[in-house]
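Residue numbers (my numbering): 13 to 449.
Here is the structure:
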């Protein structure tokens, strides 16, 4: 049987043995032939070659297969929690504890559930989690694989095909109607008003006959349109005055829009830190306090909105205070340089930025609440110049910094073909969309 063990150790099966057809050394004597004739089905080993009868007679115990995991998909709905989802699909709760205690920003992202998006789990029958996939959008997903100590999490980004499109329109009644006729989505129309909003009052100064052009990106993935990219360049003619904007990405990654001459289209400050909020109390140095019931200067503007409404930094700056400040409750104070500071009070909670962090205009620094002396949820916003309180609604706002001199050449090279596209004569109807790959 030594030869049989040698072959088994080499990992050869019967068919491999037969196909080798190695030469054998056999005993041609009469005794040997007679013995073979008497026992034709008895297994023999001759010169290390295992005969067929031996393999056929040895029983092989089947190796049990390890249970395989199966994929399940859950479409997130309002009110969902990871704990409830894990329990629903029988996933061991210990994986959730590992995920919640992981020291990884991507782990926090996995716990932020948005209705309509998908969670996929590869789960074994015993509740063992082999993989978790969170599809945050068509272009981004997170894949989490359990490890001995936690999770290995990877962000995977799909890179769509970007098509440059050119939309033109003329206003007969409203900008929204003209934009839709030109093929623009609500998102792009809003972006257009934000780009030119510092120089054009879209609520009061739009007139029939005003016209616009928009160069923007349309995104495709696997041959399917999945959404709009950013506006790359735009022109708006308002009451005969031409306004143009070119998008430029700075080396540090932040994006701004400039005139063809390199002047920033945005001011150094937003006029208000909350979108779509009602002004509940204006700047008034002789106001009667609603809680203290005595005359007390109100050195800012109050914006009433539901608890949790995002509060945006009105300008680039650094957080010099983030904490509790008496009757103000939870407060963030920003230093914008050149003597400008802003204060945001009565917050429900803070944003992700810590004290000392630098923020950019529009970053979410907190959420509206009613901490401190407050009768209801609102934001108290103050604007100071060299320590002196000014009315945030009427104070003249400084211009933003122009394009740095060292970036002018790169900007000019990028702007030239875009401006040439905007200069092209309008063929036919103004309400049209062209596509350039």
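Just so it is clear, CB atoms sit at the ideal spot from N, CA and C, and this is done for glycine as well.
Cβ-Cβ distance between residue i and residue j below 7 Å
i: residue 256; j: residue 269; result: no
i: residue 419; j: residue 245; result: no
i: residue 84; j: residue 107; result: no
i: residue 319; j: residue 358; result: no
i: residue 325; j: residue 375; result: yes
i: residue 346; j: residue 329; result: yes
i: residue 236; j: residue 174; result: no
i: residue 136; j: residue 209; result: no
i: residue 408; j: residue 275; result: no
i: residue 363; j: residue 348; result: no
i: residue 12; j: residue 170; result: Limits of the chain in this structure are 13 at one end and 449 at the other, which puts residue 12 out of reach.
i: residue 185; j: residue 240; result: no
i: residue 220; j: residue 183; result: yes
i: residue 412; j: residue 278; result: yes
i: residue 390; j: residue 309; result: no
i: residue 280; j: residue 410; result: yes
i: residue 146; j: residue 122; result: yes
i: residue 172; j: residue 231; result: yes
i: residue 88; j: residue 129; result: yes
i: residue 103; j: residue 139; result: yes
i: residue 434; j: residue 247; result: yes
i: residue 181; j: residue 194; result: yes
i: residue 238; j: residue 153; result: no
i: residue 314; j: residue 293; result: yes
Helix, strand or coil at residue i according to DSSP, with G and I counted as helix
i: residue 201; result: helix
i: residue 429; result: helix
i: residue 165; result: strand
i: residue 321; result: coil
i: residue 62; result: A caution first: residue 62 carries a pLDDT of 44, below 50, which makes its placement in the model unreliable, though a value can still be read off. Looking at residue 62 - three-state DSSP - the assignment turns out to be strand.
i: residue 45; result: For residue 45, the predicted model reports a pLDDT of 45, less than 50, meaning its position is unreliable; a value from the coordinates is still stated below. Residue state, collapsed to three classes: helix.
i: residue 158; result: strand
i: residue 120; result: helix
i: residue 103; result: coil
i: residue 340; result: helix
i: residue 422; result: helix
i: residue 196; result: coil
i: residue 290; result: strand
i: residue 181; result: strand
i: residue 111; result: helix
i: residue 189; result: helix
i: residue 417; result: helix
i: residue 215; result: coil
With 16 other Cβ atoms within 10 Å as the buried cut-off, status of residue i
i: residue 394; result: buried
i: residue 437; result: exposed
i: residue 352; result: buried
i: residue 141; result: buried
i: residue 291; result: exposed
i: residue 254; result: exposed
i: residue 178; result: buried
i: residue 131; result: buried
i: residue 396; result: buried
i: residue 398; result: exposed
i: residue 126; result: exposed
i: residue 323; result: buried
i: residue 387; result: exposed
i: residue 333; result: exposed
i: residue 312; result: buried
i: residue 90; result: exposed
i: residue 416; result: exposed
i: residue 266; result: exposed
i: residue 200; result: buried
i: residue 286; result: buried
i: residue 421; result: exposed
i: residue 321; result: buried
Residues bridged to residue i [DSSP beta-bridge criterion]
i: residue 390; result: 316, 381
i: residue 230; result: 175, 240
i: residue 398; result: Bridge partners of residue 398: none, in fact.
i: residue 352; result: 349, 397
i: residue 333; result: 345
i: residue 210; result: Bridge partners of residue 210: none, in fact.
i: residue 147; result: 130, 153
i: residue 246; result: 226, 257
i: residue 411; result: 279
i: residue 141; result: 135
i: residue 362; result: 378
i: residue 267; result: 261
Residue-level contact to chain D via CB, residue i, 7 Å cutoff
i: residue 260; result: Looking for chain D here will not work: only one protein chain is present.
(message) Under 8 Å: do the region 379-396 and the region 337-346 share three or more Cβ pairs, one atom per stretch?
(response) In short, these stretches touch, since the Cβ pair count reaches three.
(request) Specify whether the region 176-191 and the region 219-229 touch according to this definition: at least 3 beta carbon pairs, one from each stretch, less than 8 Å apart. (result) Segment contact: the region 176-191 against the region 219-229, three or more CB-CB distances shorter than 8 Å; contact assigned.
(request) Evaluate the contact criterion for the region 404-423 versus the region 363-371: three or more CB pairs, one atom per stretch, below 8 Å. (result) Contact between the region 404-423 and the region 363-371 is absent, because fewer than three Cβ pairs lie under 8 Å.
(message) Would the region 115-122 count as touching the region 165-174 if we require 3 or more Cβ pairs under 8 Å?
(response) Flag = yes, the region 115-122 and the region 165-174 touch.
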